[in-house]
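Right, one structure below, let's go through it.
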Amino acid sequence: MTPQIRTGVYLAHPRPGSFNHAVFEAVVEELRARGSEVMAHDLCAEGFAPLLSAEETGTVDPAAGARDDQVALHRAEVATLDGLVFVHPNWWGMPPAVLTGWVQRVLVPGVAYKLGSAQGEPAGLLRAGRALVLNTSDTPADREETEFGDPLDRIWSACVLPYVGVADVRRVVFRTVADSSDAQRADWLDQARREAAALLA
Numbered sequence: 001m002t003p004q005i006r007t008g009v010y011l012a013h014p015r016p017g018s019f020n021h022a023v024f025e026a027v028v029e030e031l032r033a034r035g036s037e038v039m040a041h042d043l044c045a046e047g048f049a050p051l052l053s054a055e056e057t058g059t060v061d062p063a064a065g066a067r068d069d070q071v072a073l074h075r076a077e078v079a080t081l082d083g084l085v086f087v088h089p090n091w092w093g094m095p096p097a098v099l100t101g102w103v104q105r106v107l108v109p110g111v112a113y114k115l116g117s118a119q120g121e122p123a124g125l126l127r128a129g130r131a132l133v134l135n136t137s138d139t140p141a142d143r144e145e146t147e148f149g150d151p152l153d154r155i156w157s158a159c160v161l162p163y164v165g166v167a168d169v170r171r172v173v174f175r176t177v178a179d180s181s182d183a184q185r186a187d188w189l190d191q192a193r194r195e196a197a198a199l200l201a
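Counting along the sequence shown from 1, when you hit position 38 you're at 38 in the UniProt record's numbering, and nothing is skipped either side.
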């Protein structure tokens, strides 16, 4: 019997009813319909605390675990996942603070990576081989690229996910959301479902 694929889906948007929530729900539904065991986390609704404490910036002892029960749960869970999905808006060229805090508090040494040399070259520890990032944006694509250099692409595809061992990083941007029609949003939700399904292939 084929082992069930475990997928973590993380939403970072504070407003219920937002298009980001609709994308999150569509992805979770699609993955579960295709047999994946889904760990779905609406980080804002769960009250995930993004602030990295002074204590957490010290030496991390993975054997001791996190003192924060919620962080400990996320650390233990992320180590078991086969795939990752992140759903969030582009805010100032960055993920929202709750997701940035999740990265800093959960993807820590001993859990997500280890430093393998004096030069600081990491060895990724996550077993998740692939990730899908679904972003919303109100910036046109040409302006995003020419004026800003698409910082979210650099954050996920160069700085974060390869560092923890995720080699296959996929990203889709839905834009521009503010002036989109109901029909356009429906098409985007269908695309999000297709991308989620492809993640399991």
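Virtual Cβ for every residue (Gly too), placed ideally from N, Cα, C.
Treat the numbers as computed from the prediction; the structure is a model and nothing was measured.
Between residue 163 and residue 129 the beta-carbon gap is near 14 Å, outside 8 Å, which marks them as no contact. By the Cβ-count criterion, residue 112 is buried, with 16 or more other Cβ atoms from all chains shown falling within 10 Å of its own Cβ.
Counting along the chain, residue 148 sits inside no alpha helix (DSSP H), nor does DSSP assign it H or E at all. Here residue 148 is exposed. Its C-beta has fewer than 16 other C-beta atoms within 10 Å. With contacts defined by Cβ atoms closer than 8 Å, residue 9 and residue 38 form a contacting pair. Going by DSSP, residue 192 is part of the alpha helix (DSSP H) stretching over 182 to 200. For residue 42, DSSP records a beta bridge to 11.
Taking the C-beta atoms as reference points, residue 199 is found no nearer than 8 Å to residue 126.
95 is the residue among 11, 19, 95 and 83 whose C-alpha sits nearest the C-alpha of residue 150. Residues 90, 173 and 175 of the same chain have their beta carbon placed closer than 6 Å to that of residue 137, with the five preceding and five following residues left out of the count. Contact check for residue 71 against residue 105 passes: the beta carbons are separated by less than 8 Å. In the three-state reduction of the DSSP assignment, residue 16 falls in the coil class. In this structure, the CA atom of residue 35 is about 7 Å from the CA atom of residue 4.
For the 8 Å CB-CB criterion, residue 101 and residue 52 form a contact. Cβ neighbours of residue 139 within its own chain (closer than 8 Å, five residues either side excluded): 90, 148, 175 and 176. In the DSSP assignment, residue 136 falls within the unbroken beta strand (DSSP E) covering 130 to 137. Excluding five sequence positions before and after residue 107, the CB atoms of its chain that fall closer than 6 Å to its own CB belong to 164, given in chain order. Here residue 17 is exposed, its C-beta having fewer than 16 other C-beta atoms within 10 Å.
Contact between residue 27 and residue 196 holds: their C-beta atoms lie close to 4 Å from each other, under 8 Å. Under the three-state reduction of DSSP output, residue 25 falls in the helix class. From the listed residues 21, 166, 155 and 179, the smallest Cα separation to residue 82 is found for 166.
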